[in-house]
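Chains as they are written, first to last, in my numbering: chain A, 124 to 383; chain B, 124 to 383; chain C, 124 to 383.
Heads up, the beta-carbon is just placed ideally off N, CA and C, and yes, glycines get one too.
Fair warning: this is a prediction, and the values are worked out from it, not measured in the lab.
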Amino acid sequence: MRSVYFLSDFGLEDPYVGVVKAVLEQRAPGVKVVDLAHALPPQDLRRAAFALFEALPYLPEGAVVLAVVDPGVGTPRRAIAALGRRAYVGPDNGLFTLAWRLDPPRRAFLLQEVPPPLPQGVDPLPGWTPGSHTFHGRDRFAPAAAHLALGLAPEALGPELSPQDLLRLPLALTPGPEGEILTFDRFGNAITTLLQAPLGGWVEVGGRRIPIRRTFGEVPEGEAVAYLGSAGLLEIAVNRGNAREALGLKEGMPVRLLRG
Amino acid sequence: MRSVYFLSDFGLEDPYVGVVKAVLEQRAPGVKVVDLAHALPPQDLRRAAFALFEALPYLPEGAVVLAVVDPGVGTPRRAIAALGRRAYVGPDNGLFTLAWRLDPPRRAFLLQEVPPPLPQGVDPLPGWTPGSHTFHGRDRFAPAAAHLALGLAPEALGPELSPQDLLRLPLALTPGPEGEILTFDRFGNAITTLLQAPLGGWVEVGGRRIPIRRTFGEVPEGEAVAYLGSAGLLEIAVNRGNAREALGLKEGMPVRLLRG
Amino acid sequence: MRSVYFLSDFGLEDPYVGVVKAVLEQRAPGVKVVDLAHALPPQDLRRAAFALFEALPYLPEGAVVLAVVDPGVGTPRRAIAALGRRAYVGPDNGLFTLAWRLDPPRRAFLLQEVPPPLPQGVDPLPGWTPGSHTFHGRDRFAPAAAHLALGLAPEALGPELSPQDLLRLPLALTPGPEGEILTFDRFGNAITTLLQAPLGGWVEVGGRRIPIRRTFGEVPEGEAVAYLGSAGLLEIAVNRGNAREALGLKEGMPVRLLRG
Chain A
124 MRSVYFLSDF GLEDPYVGVV KAVLEQRAPG VKVVDLAHAL PPQDLRRAAF
174 ALFEALPYLP EGAVVLAVVD PGVGTPRRAI AALGRRAYVG PDNGLFTLAW
224 RLDPPRRAFL LQEVPPPLPQ GVDPLPGWTP GSHTFHGRDR FAPAAAHLAL
274 GLAPEALGPE LSPQDLLRLP LALTPGPEGE ILTFDRFGNA ITTLLQAPLG
324 GWVEVGGRRI PIRRTFGEVP EGEAVAYLGS AGLLEIAVNR GNAREALGLK
374 EGMPVRLLRG
Chain B
124 MRSVYFLSDF GLEDPYVGVV KAVLEQRAPG VKVVDLAHAL PPQDLRRAAF
174 ALFEALPYLP EGAVVLAVVD PGVGTPRRAI AALGRRAYVG PDNGLFTLAW
224 RLDPPRRAFL LQEVPPPLPQ GVDPLPGWTP GSHTFHGRDR FAPAAAHLAL
274 GLAPEALGPE LSPQDLLRLP LALTPGPEGE ILTFDRFGNA ITTLLQAPLG
324 GWVEVGGRRI PIRRTFGEVP EGEAVAYLGS AGLLEIAVNR GNAREALGLK
374 EGMPVRLLRG
Chain C
124 MRSVYFLSDF GLEDPYVGVV KAVLEQRAPG VKVVDLAHAL PPQDLRRAAF
174 ALFEALPYLP EGAVVLAVVD PGVGTPRRAI AALGRRAYVG PDNGLFTLAW
224 RLDPPRRAFL LQEVPPPLPQ GVDPLPGWTP GSHTFHGRDR FAPAAAHLAL
274 GLAPEALGPE LSPQDLLRLP LALTPGPEGE ILTFDRFGNA ITTLLQAPLG
324 GWVEVGGRRI PIRRTFGEVP EGEAVAYLGS AGLLEIAVNR GNAREALGLK
374 EGMPVRLLRG
């Protein structure tokens, strides 16, 4: 049985993560589920795309990646499964854009034939209607992820799609020199789309020049610094501070590498 | 061995969830523990009761449901186990009120004979006293849940109680037309006690009439809408907003269905 | 295989916890990982030291305790493994000070020979550099913890160190009468270094005398009270309030037991 790596913006104030795990267990008894992150900022697709990119190289080949950050739930956005060296299950909203730079999908399927889990072992309540238009993590994505974890045929999930037609966010990872701010982490560090951070050089953002060092501890407290982050992307920080606020940074702002 | 589904308001800023899991493993080696939610609002029994209701239909028959939201810890409130198609372990404070609408208990036991876990493999400290009056999740509920997960006789936990004598919150789920606001989710959506949301109708709350639709995306941003939530209860939301704040809603406020 | 008990300040807004678990699984397939806490206040070593102290007596002998609260990552602080009745893996920054009062290390090793995990099953990106100076949880501590979970020889991790040379925080747990405020929990209750709470006595802090009771519910709402907490240490609380704010308490403030 393949393991499921599960990422969402469900938070832990509600039982949604637990319900999805219960459905996975119901459909694929004994399946191993590893939580990647569940307190992602709600509906933030760039942040989720980055989280999947950062995790991906450490997920085993064959893993099922279940990702639910889904601002369009209840609208006609598609629910999909895509198969590369790993399997991907989630909404067709660009969430996997950066992960697929590392592991491009070769096949894709529309999740059209996936029966939702039915309540079991409960007394009927008058008027009660199971199912939902708002919780596809439980009703559609978890059953599809369980199906793939069991190694069953993806054709059973629904009609085949062209992997080229899957939605991507307009994000390009690049050695530079031009890039942009991709997202922020919870400390307010900016993650950029730049795939390198040449020591001794500079990065220009919002009219400032910020020195590139090996790590943020190499500048005095309160000063801005850029370095190669743990995902292999250039990051911009303020030592012991919040770069997003201190430098007025925003998603999508252009950044530019300058050689030293 | 039966699986344990674990819900609490312990949060993840402290090691309490991990300690409870360590005790479960100590008493029932190899037991599978699934987290339902641990960042529930502290001591909010209505919210916890709703979380258990939402999760319950997806938990397997035979599961052990361990729930610790316990404002009365250290007072004479009872600690109990109840047996329906699943087993329930927690304080006797009404926490399971809504879950038991779906899976009524047929037997119940007072947790009186459950020995607390003792520290193991540690050097003694001068004056140190193990055990507590404040952490029954570790000292009483986890050992009882492990006992039931192992399939051992519930009679060993303590004297039998009448399931009718267990405490319930004064909450009635109903097809309507009269109901009330049960609780809120973390986005400020109101969950009501109404078991239906007839399309084309209205729900009245606090002097307003709110239209019932299939999902919240069917009204413009900033407008109020009601729909059938993923638990099968009518919910009141503001599209891309916080209904609790925007509409001044409160727990227990009356709601009323109006046909379209 | 030994189980890994994992504590960090990584939070759940980023995928770091999940990535560490993926690396543990890659290096020690099938290893059981139990989360102790991941939303600890960032870089708060006293809080982390207390969390490990509170959990330790319930962790099985032989367990691998992986703890990553690491303000000095990227500086020359040492990465270490220490062996007592359990194995400890983390930065050499005092994090384990209180845990080692209960389970003193008999041997210790510098994590010098631990190969970082390499990205697997991914397409190369131009300029991309794996590895990091900022994520030793993934690159150094997880591989070392997996090594010990497998029961492999600790000598392979790097040169042996004297356990006496490992860093400790200047914290002494004591029956009293003199102690200090060790840290706070998320409710603002103060945890002290005092190993007893004699009923009928008083504790003096910041010029106030606070009565010692069995539990916080034994004083009226809004009043200060001290009691023996679930870790076996005297705690100071305000019933239904926040003692840290209401009483102006701070880490390191002296506390003194007065007999009744």
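Practice item. Run through the segment 209-272 of chain C for me and flag every whole alpha helix (DSSP H) of 4 or more residues, listed as ranges in chain order. Key: 222-225 and 265-272
Practice item. Compare the C-beta of A/P164 with all C-beta atoms of chain C and state if any pair is closer than 9 Å. Key: Closer than 9 Å: yes.
Practice item. Using a cut-off of 9 Å between C-beta atoms, extract the partners of B/V157 located in chain A. Key: G141, K144, A145, E148 and V156
**Study point:** Under 8 Å by beta carbon: chain B residues contacting C/D308
**Key:** In chain order: E136 and D137.
**Study point:** Meets three-Cβ-pair contact criterion under 8 Å: the segment 347-364 of chain B and the segment 145-159 of chain C
**Key:** With the cut-off at 8 Å, the segment 347-364 of chain B and the segment 145-159 of chain C do not touch.
Point to revise | Counted within 10 angstroms of its Cβ, other Cβ atoms place B/T198 as buried (16 or more) or exposed | key: exposed
**Study point:** Close Cβ partners of C/F307 (< 6 Å) along its chain, the five nearest in sequence each way excluded
**Key:** The beta carbon of C/F307 lies closer than 6 Å to those of A313 and R367 in the same chain, with the five residues before and after it left out.
Review point. Are the C-beta of B/Y128 and some C-beta of chain A separated by less than 9 Å?
Key: Yes, B/Y128 counts as interfacial toward chain A.
Review point. Where does C/D158 sit, in a helix, a strand or coil, going by DSSP?
Key: strand
Review point. Are B/A171 and B/L218 touching if we call contact CB-CB under 9 Å?
Key: yes
Practice item. Please determine if the segment 250-262 of chain A and the segment 273-284 of chain A are in contact, where contact requires at least 3 C-beta pairs separated by less than 8 Å. Key: no
Check your understanding: Who are the near neighbours of C/E301 in its chain, counting only those whose CB is closer than 6 Å to its CB and skipping five residues on each side?
Key -> R379
Review point. Do you know offhand how far A/A369's Cα is from B/L372's?
Key: 37 Å
Exercise for review: Return the chain-ordered list of same chain residues with a C-beta closer than 6 Å to the C-beta of C/P266, the five sequence neighbours on each side being excluded.
Suggested key: If we look at C/P266 and ignore the five residues flanking it on each side, its Cβ neighbours are R150 and V237.
Check your understanding: Near B/A210, which residues of its chain fall below 6 Å by C-beta distance, leaving aside the five closest residues on each side in sequence?
Key -> Correct list, in chain order: V187 and L271.
Check your understanding: Of all the CB atoms in chain B, is at least one closer than 9 Å to the CB of A/H270?
Key -> no
Review point. C/Q287: buried (16+ other C-beta within 10 angstroms of its C-beta) or exposed?
Key: exposed
Review point. Can C/L292 and C/R169 be called in contact, C-beta distance under 9 Å?
Key: For the 9 Å CB-CB criterion, C/L292 and C/R169 form a contact.
Point to revise | Cutoff 9 Å: A/D193 Cβ touching any chain C Cβ | key: no
**Study point:** Secondary structure of B/G384, DSSP reduced to three states
**Key:** An answer regarding residue 384 of chain B cannot be provided, because it is not within the stretch 124 to 383 covered by chain B.
Exercise for review: Taking only beta-carbon positions, decide if C/F219 is within less than 9 Å of chain B.
Suggested key: no
Check your understanding: Grouping DSSP H, G and I as helix and E and B as strand, with all else coil, what is C/F310?
Key -> coil
Check your understanding: For the alpha helix (DSSP H) that C/E368 lies in, which residues bound it at each end?
Key -> If you look at C/E368, you'll find it in the alpha helix (DSSP H) that goes A366 to A369.
**Study point:** Contact between the segment 130-143 of chain B and the segment 332-351 of chain A (3+ Cβ pairs under 8 Å)
**Key:** By the criterion of at least three beta-carbon pairs nearer than 8 Å, the segment 130-143 of chain B is not in contact with the segment 332-351 of chain A.
Check your understanding: Checking contacts by CB at 9 Å: is A/R263 closer than that to chain B?
Key -> Not closer than 9 Å to any Cβ of chain B, the Cβ of A/R263 fails to qualify, so no.
**Study point:** Run of the alpha helix (DSSP H) containing C/Y139, from where it starts to where it stops
**Key:** Here the alpha helix (DSSP H) through C/Y139 covers Y139 to R150.
**Study point:** Length of the line joining the Cα atoms of B/P228 and B/P194
**Key:** 23 Å
Review point. Nearest CA to the CA of A/L284: which residue from A/V196, A/P377, A/A145 and A/D215?
Key: A/D215
Exercise for review: For A/P138, count neighbouring Cβ atoms within 10 angstroms of its own Cβ and tell me buried if that reaches 16, exposed if not.
Suggested key: Counting C-beta atoms within 10 angstroms of its own C-beta, A/P138 has 16 or more neighbours from the protein chains shown and is therefore classed as buried.
Practice item. Would you tell me roughly how many angstroms separate the C-alpha atoms of C/L225 and C/I304, rounded to the nearest one? Key: 20 Å
Check your understanding: Between B/S353, B/G352, B/L351 and B/I359, which lies nearest to B/G345 when the distance is taken from Cα to Cα?
Key -> B/I359
**Study point:** Proximal residues of chain A, C-beta to C-beta of B/L225 below 7 Å
**Key:** V245 and D246
Review point. Considering only residues of the same chain and omitting the five flanking positions on each side of A/F310, which have a CB-CB separation below 7 Å?
Key: Excluding residues within five positions, the ones whose Cβ falls inside 7 Å are N365.
Review point. Going by C-alpha distance, which of B/L182, B/G299 and B/S126 is nearest A/V100?
Key: Outside the displayed span of chain A (124 to 383) sits residue 100 of chain A, for which this structure offers no information.
Check your understanding: So, are the CB atoms of B/A222 and B/F176 less than 9 Å apart?
Key -> With a cutoff of 9 Å on beta-carbon distance, B/A222 and B/F176 are scored as near each other.
Review point. Since C/E177 is in the alpha helix (DSSP H), which residue starts that stretch and which ends it?
Key: L168 to A178
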